[in-house]
Amino acid sequence: SDITFSAAYNVWKVMNCREPNGLGYTTFACPDHPDQITHIPRSCKSRFCPVCANLFISRSALQMIQVLTALYYRKIMVHWSGAKPR
1 SDITFSAAYN VWKVMNCREP NGLGYTTFAC PDHPDQITHI PRSCKSRFCP VCANLFISRS
61 ALQMIQVLTA LYYRKIMVHW SGAKPR
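Numbering (UniProt numbering), first residue to last: 1 to 86.
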């Protein structure tokens with residue numbers, strides 16, 4: 001087939017993102033209360049995953065806002081490849 005291993009693996013990771021049976025989970029327990037156990041499912045951290053990509057974009061935007069609010073003058077230019085100028 002024409003699908004590479006890395007492409008198939010990325011698709012598998014996205015499909016199993018935050019699924020305890022897919023990517024597994026991390027277990028946390030309180031030393032003072034051993035009966036209180038919390039399982040946190042692992043995420044895929046892929047840019048193709050809607051949930052993980054949204055978290056990355058939100059964090060990047062927050063960092064940009066923090067940097068730009070300290071400046072007196074701001075000019076933001078966004079370029080997309082293949083876009084035709086007007």
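Even glycine gets a Cβ: it sits at the ideal position worked out from N, Cα and C.
{"Query": "Run of the alpha helix (DSSP H) containing residue 65, from where it starts to where it stops", "Result": "50-68"}
{"Query": "Per-residue burial, residue 17 [other beta carbons within 10 Å of its own, 16 or more giving buried]", "Result": "buried"}
{"Query": "Cβ pair residue 30, residue 36 closer than 7 Å", "Result": "yes"}
{"Query": "Cβ distance (whole Å) where residue 14 is taken to contact residue 56 below 8 Å", "Result": "The Cβ separation is near 14 Å, so there is no contact."}
{"Query": "Under the three-state DSSP convention, the category residue 72 falls into", "Result": "coil"}
{"Query": "Beta-carbon proximity check, residue 26 vs residue 40, cutoff 7 Å", "Result": "yes"}
{"Query": "Chain-order list of residues whose beta-carbon lies under 6 Å from that of residue 73 (same chain, five-residue window excluded)", "Result": "none"}
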